[in-house]
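A.B. asks:
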Amino acid sequence: MEERHRQLRESGRELAVSWALCAVCLVGHFSHFFAAKAPWIHVFHSIGFHLSLSLFTLLGPGRQLILDGLKSLLKTTPNMNTLVGLGALSSFTVSSFAALVPKLGWKAFFEEPIMLIAFVLLGRNLEQRAKIKATSDMAGLLSLLPPKARLLVNNEETEAGSVVEVPSESLSIGDQIIVLPGDRIPADGVVRAGRSTVDESSFTGEPLPVTKVPGSEVAAGSINLNGTLTMEVQRPGGETSMADIVRLVEEAQSREAPVQRLADKVAGHFTYGVMAASAATFTFWSLYGAHILPPALYQGSSVSLALQLACSVLVGTSLGAKRGLLLRGGNILEKFAMVNTVVFDKTGTLTVGRPVVTNIITAPCMKSAISR
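So for the sequence shown, the numbering used here puts the first residue at 794; every next one is plus one.
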């Protein structure tokens, strides 16, 4: 989680720089409105100034994106970064020729790489935020586990039957712990002494408390309501059922749905197709046109073939787990579109735990008494 937050901070800095450069370019385009009052503002509209801004964008915020695209191209596995990188580099190259050799009569498009990189980074930043939000939902499940546990110690060095507060992560199999009324249970285990009712709704979804007596199993994250329990730890820390649920959801998030594999396959062929179309456009206008026009790379890179399917699966499975619905992968999530009937095998799962009177039925003998 910390690594994802670090990446988000880096992405945020790159995004801020790229959009600041876009704002400077915008000032340059409106400079002629203020030229009469501030002649120096024309510097923002000069070719040299825009060239330096574009170069700074390619070497700064867009550097990692472009390098990733070129590396993928060298490995014969081009992706969307390849289109973005080639589009930005081709526009910068053509614009540089236009600026350095004015007699060619070409137009300079130094703003294009700046804006392209800015919009791509904006999309990546939003995607990272969605993934972190989904992962935070999973971390919220683990937050149900209490940080401390009351360990029952009985040895020669310590007074018999004394209770020591220890971190829940330090519990081991076989430890005896005390759970007071109102406490969350820190580990999976078996009740050895005491009697109480336990709220397991956060774990099972059942709204009614469950009575626990010696020999009953209890789950980590559930709440002890009205009695003191002495329990033996069987599954501590990362081995609890709650941790298993989190691992199950994380595995489901990493499992590709069939439509994801299809999108990846199409994206690979699409990238080659766009590159071929761009090369054909370049060749045609080089031989028969007055200007070299390389817009095909931009058109291809802006198409959302990367449908953010992985992000959709991540968010969907996380929200499902947060609401008590475990999805074992993106393929299961995809099949939900074909579901037309849902059958629940037990009562109580769809209720809100607040019974209300819906009808009054009287016995036959009662009706005559009521009529009199």
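By construction, the Cβ of each residue, glycine as well, lies at the ideal position given by its N, Cα and C atoms.
This one's a predicted model, so the numbers in the text were calculated from it and none came from an experiment.
#1: Considering Ser887, what are the terminal residues of the alpha helix (DSSP H) in which it resides?
#2: Does the contact criterion of 3 or more C-beta pairs under 8 angstroms hold for the region 955 to 964 versus the region 993 to 1012?
#3: Which residue from Ser884, Leu944, Val956, Ser1015 puts its Cα closest to that of Arg977?
#4: Smallest Cα separation from Thr990: which of Leu938, Glu1044, Val1006?
#5: Which residues share a DSSP beta bridge with Lys1005?
#6: Work out the CA separation of Val1108 and Phe789 for me, nearest whole Å.
#7: In its own chain, which residues sit with a C-beta less than 8 angstroms from the C-beta of Asn918, not counting the 5 before and 5 after it?
#8: Can you list, in chain order, the residues of its chain whose CB lies under 7 angstroms from that of Ala881, leaving out five sequence neighbours each side?
#9: On a Cα-Cα basis, can you pick out the residue from Thr1151, Gly1066, Asn1152, Phe1075 that is closest to Asn872?
#10: Does DSSP classify Ile925 as helix, strand or coil?
#11: Among residues of its own chain, excluding the 5 on either side of Val956, which ones have a beta-carbon nearer than 8 angstroms to its beta-carbon?
#12: Measure the Cβ-Cβ separation of Glu1010 and Asp981 and say whether it is below 9 angstroms.
#13: Could you pull the start and end residues of the beta strand (DSSP E) that Lys864 belongs to?
#14: Looking at C-alpha atoms only, which residue of Thr1076, Gly987, Leu819 is the closest neighbour of Leu846?
#15: Measuring alpha carbon to alpha carbon, tell me which of Leu1018, His843, Asp1037 ends up nearest Ser994.
#16: Assuming Pro979 contacts Ala1013 under a Cβ cut-off of 8 angstroms, what Cβ separation, rounded to an integer in Å, is found between them?
#17: Taking Cβ positions, are Ser883 and Phe1075 nearer each other than 9 angstroms?
#18: From which residue to which residue does the alpha helix (DSSP H) around Thr850 run?
#19: In angstroms with no decimal places, state the Cα-to-Cα distance between Glu1025 and Leu937.
#20: Just list the residues that DSSP pairs Leu1023 with in beta bridges.
#21: Give the single residue among Leu844, Val817, Asp1037 whose Cα lies nearest to the Cα of Phe902.
#22: Rounded to the nearest angstrom, how far is the Cβ of Ile966 from that of His798, given a contact under 8 angstroms?
#23: With a threshold of 6 angstroms on Cβ separation, who are the neighbours of Arg988 within its own chain once the five nearest residues in sequence on each side are excluded?
#24: Please work out which residues of its chain come closer than 8 angstroms, Cβ to Cβ, to Trp812, disregarding the five sequence neighbours upstream and downstream, and give them in chain order.
#25: Could you pull the start and end residues of the beta strand (DSSP E) that Ser963 belongs to?
#26: Could you have a look at Ser1095 and say whether DSSP puts it in helix, strand or coil?
#27: Quick one: is Leu879 buried, meaning 16 or more other Cβ sit within 10 Å of its Cβ, or exposed?
#28: How long is the line joining the alpha carbons of Ile1038 and Arg1028, rounded to whole angstroms?
#29: Once the 5 residues before and after Asp861 are set aside, which same chain residues still bring their CB inside 7 angstroms of it?
#30: Between Ala1070 and Lys896, what straight-line distance do the alpha-carbon atoms span, to the nearest angstrom?
#31: For the alpha helix (DSSP H) that Ser995 lies in, which residues bound it at each end?
#32: Given that a residue counts as buried once 16 or more other Cβ atoms are within 10 Å of its Cβ, and exposed if not, what is Glu904?
#33: Report the rounded CA-to-CA distance for Gly898 versus Ala891, giving the unit in angstroms.
#34: At which residues does the beta strand (DSSP E) containing Val946 begin and terminate?
C.D. replies: Looking at the atomic coordinates:
#1: Residue 887 sits at position 94 when you count from the first residue of the sequence shown. Just to set this straight, residue 887 is Val in the shown sequence, not Ser. Its alpha helix (DSSP H) spans residues 873 to 893.
#2: no
#3: Position 184 of the sequence shown, counting from 1, holds the residue named residue 977. Taking only the C-alpha atoms, the option nearest Arg977 is Ser1015.
#4: By 1-based counting over the sequence shown, the position of residue 990 is 197. Nearest option by C-alpha distance: Val1006.
#5: Your numbering for residue 1005 matches position 212 in the sequence shown. DSSP, once it has assigned bridges, lists Ser989 as partnering Lys1005.
#6: What the structure shows of the chain is the stretch from 794 to 1165, and residue 789 is not part of that stretch, so it cannot be assessed.
#7: Taking the first residue of the sequence shown as position 1, residue 918 is located at position 125. Excluding sequence neighbours, Asn918 sits near Leu801, Ser804, Gly805, Leu808.
#8: Residue numbering aside, residue 881 sits at position 88 when the sequence shown is read from its first letter. Excluding residues within five positions, the ones whose Cβ falls inside 7 angstroms are Leu851, Gly855, Ile859, Pro906, Leu909, Ile910.
#9: Position 79 of the sequence shown holds residue 872. Closest option to Asn872, Cα to Cα, is Gly1066.
#10: Position 132 of the sequence shown holds residue 925. Ile925 falls in the helix class under three-state DSSP.
#11: As a working mapping, residue 956 is identified with position 163 in the sequence shown. Result list for Val956: Arg943, Leu944, Leu945, Val946, Ile971, in chain order.
#12: Mapped onto the sequence shown, residue 1010 falls at position 217. Mapped onto the sequence shown, residue 981 falls at position 188. It is a contact, given that the beta carbons lie within the stated cut-off.
#13: Mapped onto the sequence shown, residue 864 falls at position 71. Per DSSP, Lys864 belongs to no beta strand (DSSP E); it is in the alpha helix (DSSP H), 856 to 867.
#14: For the purposes of this step, residue 846 is identified with residue 53 of the sequence shown, where counting begins at 1. When only C-alpha atoms are compared, the closest one is Leu819.
#15: Walking along the sequence shown from the start, residue 994 turns up at place 201. The residue with the shortest Cα to Cα distance from Ser994 is Leu1018.
#16: For the purposes of this step, residue 979 is taken as residue 186 along the sequence shown, with counting starting at 1. For the purposes of this step, residue 1013 is taken as residue 220 along the sequence shown, with counting starting at 1. Right, their Cβ atoms sit about 6 angstroms apart.
#17: Position 90 of the sequence shown, counted from the first residue, corresponds to residue 883. Position 282 of the sequence shown, counted from the first residue, corresponds to residue 1075. In contact: Ser883 and Phe1075 (Cβ atoms closer than 9 angstroms).
#18: The residue you call residue 850 lines up with position 57 of the sequence shown. For Thr850, the enclosing alpha helix (DSSP H) stretches over residues 840 to 852.
#19: The sequence position of residue 1025 within the sequence shown is 232, counting from 1. The sequence position of residue 937 within the sequence shown is 144, counting from 1. Here the alpha carbons of Leu937 and Glu1025 stand approximately 20 angstroms from one another.
#20: The sequence position of residue 1023 within the sequence shown is 230, counting from 1. Checking the sequence, you will find Thr at residue 1023 rather than Leu. Per the DSSP secondary-structure output, Thr1023 pairs in a beta bridge with Ile971, Ala986.
#21: In the sequence shown, residue 902 corresponds to position 109, counting from 1. Nearest of Leu844, Val817, Asp1037 to Phe902, Cα basis: Leu844.
#22: Counting from 1 along the sequence shown, the entry for residue 966 is found at position 173. Counting from 1 along the sequence shown, the entry for residue 798 is found at position 5. So it is not a contact: roughly 33 angstroms between Cβ atoms.
#23: Counting from one through the sequence shown, the residue named residue 988 turns up at place 195. If we look at Arg988 and ignore the five residues flanking it on each side, its Cβ neighbours are Val1006, Gly1020.
#24: Here the question's residue 812 lines up with position 19 in the sequence shown. Once the five neighbours on either side are set aside, the close Cβ partners of Trp812 are Ala911, Leu915.
#25: Here the question's residue 963 lines up with position 170 in the sequence shown. It is not in any beta strand (DSSP E) - Ser963 carries neither H nor E in the DSSP assignment.
#26: Counted from its first residue, the sequence shown places residue 1095 at position 302. Unreliable positioning characterises Ser1095 in this predicted model, as indicated by a pLDDT of 43, which lies under 50. The coordinate reading is nonetheless provided below. DSSP places Ser1095 in helix when its eight states are reduced to three.
#27: Within the sequence shown, residue 879 is the residue found at index 86, counting from 1. That one is buried.
#28: Position 245 of the sequence shown, counted from the start, is the residue given in the question as residue 1038. Position 235 of the sequence shown, counted from the start, is the residue given in the question as residue 1028. Taking the straight line from one Cα to the other gives about 14 angstroms.
#29: Position 68 of the sequence shown, counting from 1, holds the residue named residue 861. Excluding residues within five positions, the ones whose Cβ falls inside 7 angstroms are Asn874.
#30: For this step, residue 1070 is matched to residue 277 along the sequence shown. For this step, residue 896 is matched to residue 103 along the sequence shown. Take the alpha-carbon of Ala1070 and the one of Lys896: they are about 28 angstroms apart.
#31: The residue you call residue 995 lines up with position 202 of the sequence shown. Segment 994 to 997, the alpha helix (DSSP H) holding Ser995.
#32: For the purposes of this step, residue 904 is taken as residue 111 along the sequence shown, with counting starting at 1. The residue is buried, with at least 16 neighbouring Cβ atoms inside 10 Å.
#33: As a position in the sequence shown, residue 898 is number 105, starting the count at 1. As a position in the sequence shown, residue 891 is number 98, starting the count at 1. Their backbone Cα atoms lie some 7 angstroms apart in a straight line.
#34: In the sequence shown, counting from the first residue as 1, residue 946 sits at position 153. Note, Val946: beta strand (DSSP E), 941 to 946.
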